[in-house]
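Protein chains in written order, with my numbering: chain A, 1 to 504; chain B, 1 to 504; chain C, 1 to 165; chain D, 1 to 165.
All C-beta atoms in this analysis are idealised placements derived from N, C-alpha and C, irrespective of residue type, glycine included.
Remember, it's a predicted structure, so these values are computed and weren't measured experimentally.
Let me begin by presenting the structure, written as structure tokens, before commenting on it.
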């Protein structure tokens, strides 16, 4: 039985994404919001909206108890958690089930197993999926961490046992860095997932970060939908993703896909999920973790497979069997996504809050935009700085890149700093265009870029004249012209009493 | 040899579309503009822009001589004509070739043959493509027209020999209507194509309007890319198009496709083009005309085939061989397009000019927008009222319709009247959703709709309260709040003398 | 503030006022509490209890026609200021109907002569705008009393073209 | 109007004035004629001869940082008003560097003690904003002369955190 009403326990672009899937399926979307989000886009597009608390997420979007209460009050049959917040919280998933509601995601038993990354690694070994050397359990304290790090050998990676998304993750190159890094990783893990547990893995040099999308129904059917290349990261946070990986081939794709399916079967996994791998320079792949949720970068898979993953999530959660066989899943072309963050790339990616003044988004052939904001929206400091995602599809990777290039040129966001200007530079970098990327690419690019800019930084007279003309116009406009985006009054020619004659 | 610079002899959304294709191919786009279009989107996105005359198109966008002169001056190697204006003018195509430039479209000989619709019909007979009964040549005068109409039998259709797009086209049901209809059709044909010639065809009852997209290279290779269903028309102007046609099957598609290819071969056709057919209720198809240009509705074919038609046009014009075999062309899913016109559906589709105040365009999974306008742009009375196109893709027709439905709900255009509110109604009509459409659908819908609205037109107290609240907010906002889209000054805290320190 | 809404089926007088950051609308003896904000020009988010209702005011009031969409229902409203209404009613009183140009264009042909009888729906003249020829038709049967334009003449929006009585 | 642009390689003083609906920019003894219009806030279309050049002014001047993009080249500009510059230069003169909060956030941990020597690049404190912990690092080596915040304290944008000398 398809749901009539779904509560979306999230905000931003993913809440908007789920609302649209609901609209297509004729389901009424209900949302929750914090005091900071009354005017947010996800509230505006919903049918019903419930205030659940003050701005800090621990008092609002992480309050599973209140969210379940709202779902009951609103008469929603299911809860979609999006990503982040409660999405990978098995306890919450269990509480949802206990309340007689459907959690749109994996069953809580599988989440519990896979959510503890250390258990997931053990399970992968059982399913004969290769894993990165490291601990099977969270570190107890600094001394324990030091011992393990010595054993697997530096560099090592600290990771939050309960989460993903780069939060609580730190690369540690030497014993001296460990104490501080461990403290920060634990604090971040606590803040993000309400659980300070951290574990240690051997850091693989120049790895590629690859993930395999899967869908699984309740009846034991599992398919994979191809990989995403997510190597473009900054501080372990994904920045630009593509599908398929430019260097991959059908054989390796099948091997990785089948490994992902094996693991999902071993865990009794249901609904949509992602199996993450590191791939080293010899094309060996190692299981990293399972993301038991829809992911930020799911659109690139949607664009090359034609499958709407959020719709499938809802159908599978409603108990429908998987309508796709492995042979139905055909990749067409290539897709790439840029995550537009409210961060200042000229200022060490410092988060940037404030009002979005102008928001000109690109459109046209092959371009998709998934946005959670609008012009006039105040970006708050309380939440993740992801504003929106630009996605470009092309018949080939080359065309997808070319389309993203003009799409980035056409994008304008003012009022806050964003990563758009940086991406324009990346899309002119020969290494990136050639697909020569690994998880260290971006920090190398940022270093070289600075030098490249300094050496080519001669400001010509002509450029100076043009910049000055733009700045002159900017100041002139301020001082006398009415803003062109302000609509002339449609009411001012009327009195305060006006009469409307309806044709109805 | 790929071009370095292309002159685009058009305006509006199609000029923007061609600019984007140029950007992808690393080609510098040069545009021309009339005095009315200095601030238009196509000028803003180009590398170079040349003023070619006053607003009326006969003095600007139809001035082939000036356009060729500009192309030479700018050093462009080729001219893309878009659609409308000079796109199907064989004389212009020939003059372009004579000037040593490349016309991005068919060779002028094929255009000449097919552009005269009466010759095209003769050619179709030779290629064994079925045609609608009617004249082989333009009517000489009223008496001649009366004689032919009597012979094929009323109702008959008057059509401009030189053009398409519904201009110069009139349905004539009885002899009394003929004199006025002929005069108006001739006048429109003269205004639109600079040629008053009109011919007569038997009008087929409740036909579907289907067209087959083809691509042809200079080396004799021709492929078809599937059909578009274009039956949703108002006064012979297309309004909503889809690909593929919901009632079609692979066999009929192949027969129509092969007929289109035969005709193209017989005409020595090159580049992109469309072969139009009428399909009657028994699924017989009749050749109607060839559109020797890129068409407004080309995106739906792009979305189901993955082929970028404008890019292919440029490549083929540059002399590249067709890189696609017929077997490479696979249809995936279903796409639908709504043409957003500046017309008032509540006022007999009267054209609506003025400033676009708010322009909120939809985005998200499966949605594409091809726009030629922006918020703040003044829609002029001089040109075609097409503002932009919304396109939705889905795995199935059902999903494409569902996506278009929310996309239309999310679209907001204020300041001028548009056809958006009407489309929202059409996308709730059971006949339309079931694919029960023919070229008479829209006028029937408009008639019934009026009645449906009147009968269900009870304004409830609650609705009245909500409407009043919105109108109150609208008038309040006007009278005191600053417009939220107006950016707060980024300069006002500075003096008139400011100092900028660059990091470069 | 007082807003009159008129449909074919009913007429509503809405009294509306601000209270505690929200609006109270009184209509037909009932009272509705609505919170409104304006995220973008032309777009109004109404919070009505837990319900979120987006109202859009689209179109061009200068041209006398807007569409107010509340949820999925579109209300096509004619907006007139007092001056226009006065003229319309004056003419109505005399049984005279004015044909005015709804947008700038060019008169390409007159289809009926001054003084001749006309049928409702009959074409009076042809106006060209945006490359399309549009027949301006008689809204009621009567006599073509006045014609204020010549063939070839350019006319502005709202300009009086002819009068039927 | 006079605009000063400063890059590492050069400095330009641009004198700019309006003439005949366009702008004349005088720089380095040369004169450039540019026509400018503003289709959308933050977007400036420059007509320079037949060339169309879109300039974008992106970012947030309040936060002191904008990017002006002219064609494909992005110029990252620090914008400062006179008050800020004065303070910066005062401190520069004394060899003192102020660490200020670039956005509102919460001080979660102090990493160095007042009076202790610090190396360029060394973490001074950890600021949490948008769920991310960011180390505020020493821009130069020296001594941590002043710390103006406590752990757990919330700070506003521009607030003085510490001083290194």
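With residue i and residue j assumed to form a contact (beta carbons below 8 Å), what rounded beta-carbon distance in angstroms separates them?
i	j	result
residue 287/B	residue 124/B	4 Å
residue 144/C	residue 118/C	5 Å
residue 558/A	residue 200/A	Residue 558/A lies beyond the residue range present for chain A, which begins at 1 and ends at 504; the question has no answer from this structure.
residue 234/B	residue 442/B	5 Å
What are the start and end residues of the alpha helix (DSSP H) that includes residue i?
i	result
residue 20/A	12-25
residue 298/B	298-305
residue 421/A	420-426
residue 364/A	Unbroken run through residue 364/A: none, as it is neither H nor E.
residue 152/A	142-152
residue 430/B	430-433
residue 42/A	41-45
residue 115/A	108-115
residue 213/A	Unbroken run through residue 213/A is the beta strand (DSSP E), 208-216; no alpha helix (DSSP H).
Any C-beta of chain C sitting closer than 8 Å to the C-beta of residue i?
i	result
residue 9/A	no
residue 4/A	no
Can you name the start and end residues of the beta strand (DSSP E) that residue i belongs to?
i	result
residue 64/A	Run containing residue 64/A: none in the beta strand (DSSP E); it sits in the alpha helix (DSSP H), 64-74.
residue 132/C	132-137
residue 108/C	105-110
residue 146/C	142-147
residue 26/C	22-27
Using a Cβ-Cβ distance cut-off of 8 Å, determine whether residue i contacts chain B.
i	result
residue 306/A	yes
residue 55/C	yes
residue 100/C	no
residue 27/C	yes
residue 45/D	yes
residue 53/A	no
residue 155/A	no
residue 86/D	Note that residue 86/D scores a pLDDT of 33, beneath 50, so its modelled location is shaky; the value from the coordinates is reported in the next line. Judged by the 8 Å Cβ criterion, residue 86/D is not in contact with chain B.
Flag residue i as yes if its beta-carbon sits less than 8 Å from any beta-carbon of chain A, otherwise no.
i	result
residue 369/B	yes
residue 153/C	no
residue 325/B	no
residue 104/C	no
residue 39/C	yes
residue 361/B	yes
residue 226/B	no
Compare the C-beta of residue i with all C-beta atoms of chain D and state if any pair is closer than 8 Å.
i	result
residue 506/B	Look at the range of chain B in this structure, 1 to 504, and you will see that residue 506/B is not part of it.
residue 462/A	yes
Closer than 8 Å by beta-carbon distance: list the chain E residues that pair up with residue i, in chain order.
i	result
residue 46/B	Reference to chain E is not applicable here, since the protein chains of this structure are A, B, C and D.
- Query: With a cut-off of 8 Å, do at least 3 Cβ pairs link the stretch 144-162 of chain C to the stretch 224-232 of chain B?
  - Reply: With a cut-off of 8 Å, the stretch 224-232 of chain B and the stretch 144-162 of chain C do not count as touching, because too few Cβ pairs lie within range.
- Query: How do the stretch 347-362 of chain B and the stretch 129-140 of chain C stand: do at least 3 beta-carbon pairs fall below 8 Å, yes or no?
  - Reply: Contact between the stretch 347-362 of chain B and the stretch 129-140 of chain C is present, because at least three Cβ pairs lie under 8 Å.
- Message: With three or more beta-carbon pairs closer than 8 Å as the criterion, would you say the stretch 307-319 of chain B touches the stretch 270-282 of chain B?
- Response: By the C-beta criterion, the stretch 307-319 of chain B is judged to be in contact with the stretch 270-282 of chain B, since at least 3 inter-stretch pairs fall below 8 Å.
- Cβ pair count under 8 Å reaching 3, the stretch 193-203 of chain B against the stretch 39-57 of chain B: Contact between the stretch 193-203 of chain B and the stretch 39-57 of chain B is absent: fewer than three C-beta pairs spanning the two stretches fall below 8 Å.
- Task: Please specify which runs of the alpha helix (DSSP H), each continuous and at least 4 residues long, are wholly inside the stretch 240-306 of chain B, giving them in chain order.
- Result: 250-267, 298-305, all fully within the stretch 240-306 of chain B.
- Message: Contact between the stretch 334-347 of chain A and the stretch 413-430 of chain A is defined here as three or more beta-carbon pairs at a separation below 8 Å; is this criterion met?
- Response: Taking 8 Å as the limit for Cβ pairs, the verdict is that the stretch 413-430 of chain A does touch the stretch 334-347 of chain A.
- Task: Report yes or no: do the stretch 376-394 of chain B and the stretch 297-304 of chain B share at least 3 C-beta pairs separated by less than 8 Å?
- Result: With the cut-off at 8 Å, the stretch 376-394 of chain B and the stretch 297-304 of chain B touch.
- How do the stretch 11-29 of chain D and the stretch 374-388 of chain A stand: do at least 3 beta-carbon pairs fall below 8 Å, yes or no? Touching, no.
- Query: Okay, do the stretch 102-115 of chain A and the stretch 131-144 of chain A touch, 3+ Cβ pairs below 8 Å being the bar?
  - Reply: Here the stretch 102-115 of chain A does not lie against the stretch 131-144 of chain A, with fewer than 3 beta-carbon pairs under 8 Å apart.
- Query: Would you say the stretch 205-217 of chain B touches the stretch 252-263 of chain B, given that touching needs at least three Cβ pairs under 8 Å?
  - Reply: Short answer: they touch.
- Query: Would you say the stretch 322-332 of chain B touches the stretch 101-111 of chain C, given that touching needs at least three Cβ pairs under 8 Å?
  - Reply: A contact is defined here as three or more CB-CB pairs under 8 Å, and the stretch 322-332 of chain B fails this definition with respect to the stretch 101-111 of chain C.
- At a cut of 8 Å, does the stretch 355-374 of chain A reach the stretch 66-74 of chain A through at least three beta carbon pairs? Verdict: no, contact absent.
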